[in-house]
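2 protein chains.
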Amino acid sequence: MKCTYTIHRHQGHYGWDNSNPPVLTIAPGETIEFHPNDASNGQITVDSTAAELMTLDFDQVNPVVGPVVIDGAQAGDALKVTLLDFTPSGFGWTANIPGFGLLADQFPDPHLHIWKYDADAIAPALYGPGGRVPLKPMCGTLGVAPAELGQHSIIPPRRVGGNMDIRDIALGTELYLPVEVSGALFSLGDTHAAQGDGEICGTAIESPIAVAAKFALIKDANLRFPRFTTPGPVSRHLDAAGYEVTTGIGPDLMSAAQQAVADMLELLATRYQLNPIDAYLLCSVCADLRISEIVDMPNWIVSFYFPRVVFE
Amino acid sequence: MKCTYTIHRHQGHYGWDNSNPPVLTIAPGETIEFHPNDASNGQITVDSTAAELMTLDFDQVNPVVGPVVIDGAQAGDALKVTLLDFTPSGFGWTANIPGFGLLADQFPDPHLHIWKYDADAIAPALYGPGGRVPLKPMCGTLGVAPAELGQHSIIPPRRVGGNMDIRDIALGTELYLPVEVSGALFSLGDTHAAQGDGEICGTAIESPIAVAAKFALIKDANLRFPRFTTPGPVSRHLDAAGYEVTTGIGPDLMSAAQQAVADMLELLATRYQLNPIDAYLLCSVCADLRISEIVDMPNWIVSFYFPRVVFE
Chain G
1 MKCTYTIHRH
11 QGHYGWDNSN
21 PPVLTIAPGE
31 TIEFHPNDAS
41 NGQITVDSTA
51 AELMTLDFDQ
61 VNPVVGPVVI
71 DGAQAGDALK
81 VTLLDFTPSG
91 FGWTANIPGF
101 GLLADQFPDP
111 HLHIWKYDAD
121 AIAPALYGPG
131 GRVPLKPMCG
141 TLGVAPAELG
151 QHSIIPPRRV
161 GGNMDIRDIA
171 LGTELYLPVE
181 VSGALFSLGD
191 THAAQGDGEI
201 CGTAIESPIA
211 VAAKFALIKD
221 ANLRFPRFTT
231 PGPVSRHLDA
241 AGYEVTTGIG
251 PDLMSAAQQA
261 VADMLELLAT
271 RYQLNPIDAY
281 LLCSVCADLR
291 ISEIVDMPNW
301 IVSFYFPRVV
311 FE
Chain X
1 MKCTYTIHRH
11 QGHYGWDNSN
21 PPVLTIAPGE
31 TIEFHPNDAS
41 NGQITVDSTA
51 AELMTLDFDQ
61 VNPVVGPVVI
71 DGAQAGDALK
81 VTLLDFTPSG
91 FGWTANIPGF
101 GLLADQFPDP
111 HLHIWKYDAD
121 AIAPALYGPG
131 GRVPLKPMCG
141 TLGVAPAELG
151 QHSIIPPRRV
161 GGNMDIRDIA
171 LGTELYLPVE
181 VSGALFSLGD
191 THAAQGDGEI
201 CGTAIESPIA
211 VAAKFALIKD
221 ANLRFPRFTT
231 PGPVSRHLDA
241 AGYEVTTGIG
251 PDLMSAAQQA
261 VADMLELLAT
271 RYQLNPIDAY
281 LLCSVCADLR
291 ISEIVDMPNW
301 IVSFYFPRVV
311 FE
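Chains as they are written, first to last, in the working numbering: chain G, 1 to 312; chain X, 1 to 312.
Put into structure tokens, the structure is as follows:
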């Protein structure tokens, strides 16, 4: 779409720091098209192999474009970001990076899957080892600069947003971020062609996607954490054929999540003759972690929902 | 529907114990219509007030009907339970019971809401303080007897199922439970007219609902935990108008869930002039806790999805 400004992939940074020099200053109401690189900053290409994951330069991982000064933003305001348009590239990758991911102990070896998808039709994308994954382009990292001085890692999300990896921050979503510094200093990156709730293996369909957004300020909103509004249903691209669901039950939500995911990988491996590592990557891009029950002391239930449409 | 057998509300028990005398023995393939009482065992009626929550007999809470022997079931098998039909009663209640619920510290006082809903049409039910809640009858407690001797509390779910309170164990769902004792000893109760993922205040729309089910055995399935299959979409009754979503971000999933819920209550209280306690009960019956991100060390994100259709 036609925006007031464009920010290109070289106009970015690799860490949250309120001393990062702004690449642009805009007034509320103006629009920007962002062109972030993928989460490897272009280190992974269509010809890459799993071995290359061992020599990745992690200082370049999860690059974002920005920061953008929003004129008039002050600490205590909320920055409203409305996602207006996504222009996918058709190329993506999903990886198991050793030491990273919900089941890192069970999957110590690097693994890489390269995706090609129809960037215009956004039709379900064929997964080589089996299945076809409905796509929903989304943006994994959106944040503003923290008040605390110094550089802060780009990997964990925090109060001011950042690498939130929330599947439903997608087309039409209105995101509200707590502003901590004058001008807000907004940056964006880590676009995904598809992701499940949880992003269990640590990567989604990592894909360069242009994102158009507009900005507004809510004065003195004093949000504690980010919140957002979706314009409509969030998982109809996945739900038509129902779900296979595994559960983990116990007093610790993290262990319950790991249990539910481990059982789903076993189910998929058995039923569809997938290698466990292939099932792990597949689940990361399309299956959802939900807290089914969090009150029946002392045991909680985390459920893992795999959309059956992937194999129909 | 017409079933091979009927089990009435007095044919039940209040705790899992593999020495509970069976009320019925069936062959795989046979059907049963269960008529459980509500989770208060009839102590809460359409005329009840919050004060009565302080004098509830907790020894009667969460009654189940059964146990049923499934002929031929052995430890290591899975009991497949297919939910064939729900016959709702039109009466329900939602309560804040002191000491129970995700935000028990913030809501120390008893609170009770009585629901009347259209048992035939299952149209969205009016919530007195504000909003209209789409219904989806479901069954909160389904389980088999544990191998471990003695009586086990009915409140927490465990490996053999029990009080799982999973929203999507509903019409058409196929549930698979790990059998630990000969005959399985299946019981069922705690029916809900609607519930959100998490059941955050500790109760849903607690409602007497007859449930028809059929049974099958999967020999030597050796499940670690329950799992289930849904026949179709799970939240289309809620999703048409999109969601308001709050987030909690941090290294502990429980704290993140509490944070996300607290922010949602504040949002609803402000926007719709609800008392916080009314917002708490409303969220428990229609809003969903999801794990959005569980890999971006050291901070995870739990999101709380409130369906906007409730106020449209």
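Backbone N, C-alpha and C fix where the C-beta goes; we use that ideal spot for every residue, glycine too.
All of these numbers come straight from a predicted model, not from anything done at the bench.
Can you tell me the Cα-Cα spacing of G:G128 and G:D263, whole angstroms? On the first sequence, residue 128 of chain G is found 128 positions in, with the first residue counted as 1. On the first sequence, residue 263 of chain G is found 263 positions in, with the first residue counted as 1. Spanning the two alpha carbons is a distance of roughly 22 Å.
Inter-residue spacing [alpha-carbon to alpha-carbon] between G:L175 and X:V68: Indexing the first sequence from 1 puts residue 175 of chain G at position 175. Indexing the second sequence from 1 puts residue 68 of chain X at position 68. When rounded, the distance between both Cα atoms is 51 Å.
Taking a cut of 8 Å between CB atoms, which residues from the segment 285-298 of chain X lie near chain G? Listed by position along the chain: D288, L289, R290, I291, S292, E293, I294, V295, D296, M297 and P298.
Taking DSSP as the reference, what is the three-state secondary structure of X:V261? Looking up residue 261 of chain X in the second sequence gives position 261. Helix, per DSSP.
For X:I326, which residues in chain G fall below 7 Å Cβ to Cβ? The structure shown does not extend to residue 326 of chain X, since chain X is modelled only from 1 through 312, so no value can be given for it.
Which residues of the segment 200-231 of chain X have a Cβ closer than 9 Å to any Cβ of chain G? Give them in chain order. In summary, the residues of the segment 200-231 of chain X whose CB is separated from some CB of chain G by less than 9 Å are I200, C201, G202, T203, L223, R224, F225, P226, R227, F228, T229, T230 and P231, in the order they occur in the chain.
CB contact below 7 Å: X:T191 versus chain G: As a first step, residue 191 of chain X is located in the second sequence; it is residue number 191 there, counting from the start. Answer no: the Cβ-Cβ gap between X:T191 and chain G never drops below 7 Å.
Measuring only between beta-carbons, confirm whether X:Y243 sits less than 7 Å from chain G. For this step, residue 243 of chain X is matched to residue 243 along the second sequence. A Cβ of chain G is located within less than 7 Å of the beta carbon of X:Y243.
Since G:F100 meets chain X, which of its residues come closer than 7 Å, beta carbon to beta carbon? For the purposes of this step, residue 100 of chain G is identified with residue 100 of the first sequence, where counting begins at 1. Against G:F100, the close residues of chain X are V295, in the order they occur along the chain (beta-carbon pairs closer than 7 Å).
Considering only C-alpha positions, which residue in the set X:R236, X:E180 and X:V245 is nearest to G:T230? Within the first sequence, the letter at position 230 stands for residue 230 of chain G. Of all alpha-carbon atoms in X:R236, X:E180 and X:V245, the one lying nearest the alpha-carbon of G:T230 is that of X:V245.
From G:R271 to X:D278, what does the alpha carbon distance come to, in whole angstroms? Translated into positions along the first sequence, residue 271 of chain G becomes position 271. Translated into positions along the second sequence, residue 278 of chain X becomes position 278. Here the alpha carbons of X:D278 and G:R271 stand approximately 45 Å from one another.
Which whole runs of the alpha helix (DSSP H) in the segment 117-191 of chain X are 4 residues long or more, in chain order? Fully enclosed alpha helix (DSSP H) runs of no fewer than 4 residues are not present anywhere in the segment 117-191 of chain X.
With a threshold of 16 other CB atoms inside 10 Å of the CB of X:L103, please say whether the residue is buried or exposed. Here residue 103 of chain X corresponds to residue number 103 of the second sequence, with the count starting at 1. By the neighbour-count definition (other C-beta atoms within 10 Å, threshold 16), X:L103 is a buried residue.
Since G:F186 and G:G66 should fall inside the 8 Å C-beta cutoff, what is the C-beta to C-beta distance between them, to a whole number of angstroms? Counting from one through the first sequence, the residue named residue 186 of chain G turns up at place 186. Counting from one through the first sequence, the residue named residue 66 of chain G turns up at place 66. G:F186 to G:G66, Cβ: 6 Å. Contact.
I'd like to know whether the C-beta of G:N163 is nearer than 7 Å to at least one C-beta of chain X. Numbered from its first residue, the first sequence carries residue 163 of chain G at position 163. By this cut-off, G:N163 is an interface position.
Spatial distance of G:S48 from G:I205 (CA atoms): The residue you call residue 48 of chain G lines up with position 48 of the first sequence. The residue you call residue 205 of chain G lines up with position 205 of the first sequence. Their Cα atoms are separated by approximately 15 Å.
Partners in chain G for X:T247, counting only beta-carbon separations shorter than 7 Å: Position 247 of the second sequence holds residue 247 of chain X. The contacting residues are F225, P226 and R227.
Using alpha carbons as the reference points, say which of G:A184, G:I97, G:I26 and G:E312 lies closest to G:W16. Residue 16 of chain G sits at position 16 when you count from the first residue of the first sequence. Taking each of G:A184, G:I97, G:I26 and G:E312 in turn and checking the Cα distance to G:W16, the smallest one comes out for G:A184.
Taking all protein chains shown into account, do 16 or more other C-beta atoms lie within 10 angstroms of the C-beta of G:Q151, making it buried, or fewer, making it exposed? For this step, residue 151 of chain G is matched to residue 151 along the first sequence. Exposed is the call here.
Mind listing, in chain order, the continuous beta strand (DSSP E) runs of no fewer than 3 residues lying wholly within the segment 276-300 of chain X? Listed in chain order, the complete beta strand (DSSP E) runs (minimum 3 residues) inside the segment 276-300 of chain X are 288-293.
Backbone secondary structure at X:L56 - three-state DSSP: For the purposes of this step, residue 56 of chain X is taken as residue 56 along the second sequence, with counting starting at 1. Taken through DSSP and simplified to helix, strand or coil, X:L56 comes out as coil.
Suppose contacts are defined by Cβ-Cβ distances below 7 Å. Is X:A241 in contact with X:M1 by that definition? Locating residue 241 of chain X in the second sequence gives position 241, counting from the first residue. Locating residue 1 of chain X in the second sequence gives position 1, counting from the first residue. 7 Å or more divides the Cβ of X:A241 from the Cβ of X:M1.
C-alpha gap between G:F311 and G:L268, whole angstroms: Taking the first sequence and counting its residues from 1, the one referred to as residue 311 of chain G is at position 311. Taking the first sequence and counting its residues from 1, the one referred to as residue 268 of chain G is at position 268. Taking the straight line from one Cα to the other gives about 10 Å.
Length at least 3, wholly inside the segment 204-257 of chain X: the beta strand (DSSP E) runs in chain order: Along the segment 204-257 of chain X, the beta strand (DSSP E) occurs as fully enclosed runs of 3 or more residues at 209-218, 227-229 and 243-250, listed in sequence order.
I want to see whether chain G comes within less than 7 Å of X:G198, judged by CB atoms only; does it? Sequence index remark: in the second sequence, residue 198 of chain X carries index 198 (1-based). So yes, X:G198 belongs to the interface.
Of the residues X:N41, X:D168, X:P98 and X:V81, which one's Cα is nearest the Cα of X:H237? Here residue 237 of chain X corresponds to residue number 237 of the second sequence, with the count starting at 1. Answer by Cα proximity: X:D168.
What residues in the segment 104-115 of chain X bring their beta carbon closer than 8 Å to a beta carbon of chain G? Along the segment 104-115 of chain X, none of the residues has a CB nearer than 8 Å to a CB of chain G.
Check the Cβ of X:V234 against every Cβ in chain G and list those closer than 8 Å, keeping chain order. Walking along the second sequence from the start, residue 234 of chain X turns up at place 234. Within chain G, the residues D239, G242, Y243 and Y305 have their CB atoms less than 8 Å from the CB of X:V234, given in chain order.
What's the C-alpha gap between G:S153 and G:V61? Translated into the one-based positions of the first sequence, residue 153 of chain G becomes position 153. Translated into the one-based positions of the first sequence, residue 61 of chain G becomes position 61. Near 10 Å, if we compare the C-alpha coordinates of G:V61 and G:S153.
Would you kindly report the start and end of the unbroken beta strand (DSSP E) that includes X:G76? Numbered from its first residue, the second sequence carries residue 76 of chain X at position 76. Neither: X:G76 is in no beta strand (DSSP E) and is coded neither H nor E.
Answer with buried or exposed for G:Q273, where buried requires no fewer than 16 other C-beta atoms within 10 angstroms of its C-beta. Position 273 of the first sequence, counting from 1, holds the residue named residue 273 of chain G. Per the 10 Å Cβ criterion, exposed.
Mind checking which residues open and close the beta strand (DSSP E) that includes X:G66? Indexing the second sequence from 1 puts residue 66 of chain X at position 66. Counting along the chain, the beta strand (DSSP E) containing X:G66 begins and ends at V64 to I70.
Less than 7 Å between CB atoms is the rule here; does G:M138 satisfy it with respect to chain X? Here residue 138 of chain G is taken as the residue at index 138 of the first sequence, counted from 1. Judged by the 7 Å Cβ criterion, G:M138 is not in contact with chain X.
Does the Cβ of G:S19 have 16 or more other Cβ atoms within 10 Å, making it buried, or fewer, making it exposed? On the first sequence, residue 19 of chain G is found 19 positions in, with the first residue counted as 1. By the 10 Å Cβ count, G:S19 comes out exposed.
CB contact check: G:I155 to chain X, cutoff 7 Å: Start at 1 with the first residue of the first sequence, and residue 155 of chain G comes out as number 155. It does; some Cβ of chain X falls within 7 Å.
Apply the 10 Å Cβ neighbour rule to G:H192 and answer buried if 16 or more other Cβ atoms are within range, or exposed otherwise. Sequence index remark: in the first sequence, residue 192 of chain G carries index 192 (1-based). Counting of Cβ neighbours within 10 angstroms places G:H192 among the buried residues, the total reaching 16 or more.
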